[in-house]
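Data block below; observations after.
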Amino acid sequence: MKDISKKVSLLCSVCSNSQFMALDCEGKEVLEFSEAPIYKCSDCGCEFSREQLIEENQEIIDANLNEMKKEAVNELKKELKKSLGKLGKIC
Ligand SMILES: [Zn+2]
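Residue numbers for the sequence shown, in numbering that gives the first Met the number 0: 0 to 90.
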């Protein structure tokens, strides 16, 4: 199956931008995005803590999870139809 987890991206709750800068406690930009304590929206400049960002994106994350589930079910159905179609031809 395709890697669909990459579709989930966090959004700024102020301007819906999806680009963030990762900052350390002193406001310096860091390269380790996943370990930064602060994320700054590159568009409106609002700063969020990791917890804030995740909390405010929980709905988006949930929605994405539901989408993924739907996609997985659809893939399954397709596969099922294919194998059923093959069976039909044999019989
Ligand atoms: Zn923003």
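Where is the CB? At the ideal position from N, CA and C, for every residue including glycine. Quick caveat, the model's predicted, so the values are computed rather than measured.
Kindly indicate which residue of the options has the alpha-carbon position closest to the one of residue i.
i, options, result
"P36", "L52, C43, G44, E78", "L52"
"D42", "L64, C11, C24", "C11"
"C14", "Y38, K69, C45, F32", "C45"
"E34", "K69, A21, C40", "A21"
From which residue to which residue does the beta strand (DSSP E) around residue i run?
i, result
"E46", "46-48"
"A21", "19-22"
"K39", "37-40"
Within its chain, find whatever has a CB closer than 6 angstroms to the CB of residue i; leave out the 5 residues flanking it on each side and keep chain order.
i, result
"E55", "S12"
"K77", "none"
In terms of DSSP beta bridges, what is residue i paired with?
i, result
"E28", "L22"
Leaving out five residues before and five after residue i in sequence, what residues of the same chain have Cβ atoms less than 8 angstroms from its Cβ?
i, result
"M0", "Unreliable positioning characterises M0 in this predicted model, as indicated by a pLDDT of 46, which lies under 50. The coordinate reading is nonetheless provided below. Taken in chain order, the residues that qualify are A71, E74."
"N16", "L10, C40, S41, D42, C43"
* Asked: With distances taken from each beta carbon to the nearest heavy atom of ligand 1, which residues come in below 6 angstroms, in chain order?
  -> C11, V13, C14, N16, C40, D42, C43, C45
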